[in-house]
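Those sequence lines, one after another, are chains A and B. Note that this note's numbering has the first sequence beginning at -15, numbered continuously upward. Note that this note's numbering has the second sequence beginning at -15, numbered continuously upward. No residue lacks a Cβ here, since even glycine has one placed at the ideal position from N, Cα and C. Model, not experiment: these values are computed from the prediction. In what follows, a structure is listed as structure tokens, so that the remarks can point back to it.
There are 2 protein chains.
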Amino acid sequence: MELTPLGCCSPMVREPLTPDQAEGLAGSFKALGDPVRLRLLSLIASHAGGEACVCDLTGEFDVSQPTISHHLKVLREAGLLTSERRASWVYYRVPAGALAALALLLDETPGAVRRTSLSRTTNPRRSRSPI
Amino acid sequence: MELTPLGCCSPMVREPLTPDQAEGLAGSFKALGDPVRLRLLSLIASHAGGEACVCDLTGEFDVSQPTISHHLKVLREAGLLTSERRASWVYYRVPAGALAALALLLDETPGAVRRTSLSRTTNPRRSRSPI
DNA sequence: TGTCAATATGGACGCTGGTCGATGTCGATG
DNA sequence: CATCGACATCGACCAGCGTCCATATTGACA
């Protein structure tokens, strides 16, 4: 995380991610890398009031209630959901900007200026500096 | 996939993803859910000319060459990389729009208008229709 | 044609992660 | 206080994934 947007395009496209950045981001994307979790996120975000209780969700899936609870926990620990207990029910919502932060990282502003290079005919080895 | 952007915000926030859509998207995010793959993607995208050969990449990691090759294959099969052989070397690049497509899906246009709902005091059961 | 360098593939191994049933916790309600 | 419903936690099982080493494939070049 802690990527400073200052140039033409997203940090990921402008300069290599550090191992630490990659580790953190991979955690977020891993949380999105399950169809049940994606649908949960989408169901909650699109639900009335931008929130939904677990009882609104369990019936939409073919998996058990503990499994839903598990996926909600994964999303919450990834910062993609917040939960709040009201009476007997627990309401989940997508915190503002949680998804947008990842979107920003992936967006590659199409008109970005890139250095161009010719195809090499000699062995490039492990060149750390561009041609 | 095949999400038609027509309303206020991203498909994911506007309406629930179908199981099929979620399945496809989860595949893409799963490919991004590994720190080595994220760094590979970033290294390639930020490299001179927007492309890099495998020899530019292997030295940057503490994992073996076959492992790098494996991760490149995963990214390629997810549509996040294309490869082209030139002479002895294979050059990888990020196809235009590949990342932007995912970014679009996550972006939740902050000013989006949402229906509001009061906290419930009666049992919501599994309400498919909003209050 | 033989050799070498760059990259991919195959097989194996250990660990992570998605799933379940059983059970615990917490709040409401009588 | 007892009970019930909503949700979370626990422990177990098994498929899948990341990793490695060994080896195959491909193209350049002598």
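- The beta carbon of residue 81 of chain B sits closer than 6 angstroms to none of the beta carbons in its chain outside the five residues before and after it.
- Look at the segment -6 to 78 of chain A and you find these whole runs of alpha helix (DSSP H), each 4 residues long or longer: -5 to -2, 3 to 16, 19 to 30, 38 to 41 and 49 to 61.
- Look at the segment -9 to 12 of chain B: the residues with a C-beta under 7 angstroms from a C-beta of chain A are -4, -3, -2, -1, 0, 1, 3, 6, 7, 9 and 10.
- The alpha-carbon separation between residue 3 of chain B and residue 23 of chain A amounts to approximately 7 angstroms.
- Pairing residue 65 of chain B with residue 92 of chain A gives a Cβ-Cβ distance that is not under 8 angstroms.
- Contacts between residue 19 of chain B and chain A, judged by CB atoms closer than 7 angstroms, involve 3, 6, 7 and 10 in chain order.
- By the Cβ test, the segment 48 to 58 of chain B is in contact with the segment 14 to 23 of chain B, since at least three Cβ pairs between them sit closer than 8 angstroms.
- Residue 25 of chain A has a beta carbon lying within less than 8 angstroms of a beta carbon in chain B.
- For residue 30 of chain B, the chain A residues whose C-beta falls within less than 8 angstroms of its own C-beta are -4, -3, -2, -1 and 0, listed in chain order.
- Minimum Cα-Cα distance from residue 68 of chain B among the listed residues B:38, B:88, B:87 and B:46 corresponds to B:38.
- A direct Cα-to-Cα measurement between residue 74 of chain A and residue 27 of chain A gives close to 15 angstroms.
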